[in-house]
Amino acid sequence: MKKDQRNKPDEPETPTEPGKEETRNLDDLVSVVEAAKILKLMRSTLDHYRCEGRGPVYRKHGGRVFYKKADLIAWSERNTFRSTSQRIGKSK
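Here is the structure:
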């Protein structure tokens, strides 16, 4: 190892720029209020479902909760029933 390399402090890594695909994925994120509007639910209902683990999958950025629109649609599709006698979670 050369002398000048030993005494050189480590350079911090430069974060990579997000690609177009990654940015587009972040553009699909909506807030809790927007998600509740999309699902036609009260925000408090969506909050309750999230706490119980019954709602759509979500992401947390810091303390904020976000949903992907595709996840909201998928969750809604999984909650489709033919009659009131069907048990929840047993959609056909």
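Per this note's numbering, residue 10 is the first one in the sequence shown, and the count goes up by one each step. Where a beta carbon is used, it is the ideal one built from N, C-alpha and C, also for glycine. Note that the structure is predicted; figures quoted are calculated from it, not measured.
- Query: Around the C-beta of A45, are 16 or more other C-beta atoms found within 10 angstroms, so that it is buried, or is it exposed?
  - Reply: Counting other Cβ atoms within 10 Å of its Cβ, A45 reaches 16 or more and is therefore classed as buried.
- Message: Between the alpha carbons of D36 and S92, how many angstroms are there, rounded?
- Response: Taking the Cα positions, D36 is about 36 Å away from S92.
- Item | Endpoints, beta strand (DSSP E) assigned at L50 | Element bounds for L50: n/a, residue is neither H nor E.
- Message: Quick check on K71: buried or exposed, where buried means 16 or more other Cβ atoms within 10 Å of its Cβ?
- Response: For the sequence presented, residue 71 should be read as Gly rather than Lys. That one is exposed.
- Message: Which runs of the alpha helix (DSSP H) at least 4 residues long sit entirely within the segment 53-81? Give them in chain order.
- Response: Whole alpha helix (DSSP H) segments, 4+ residues: zero.
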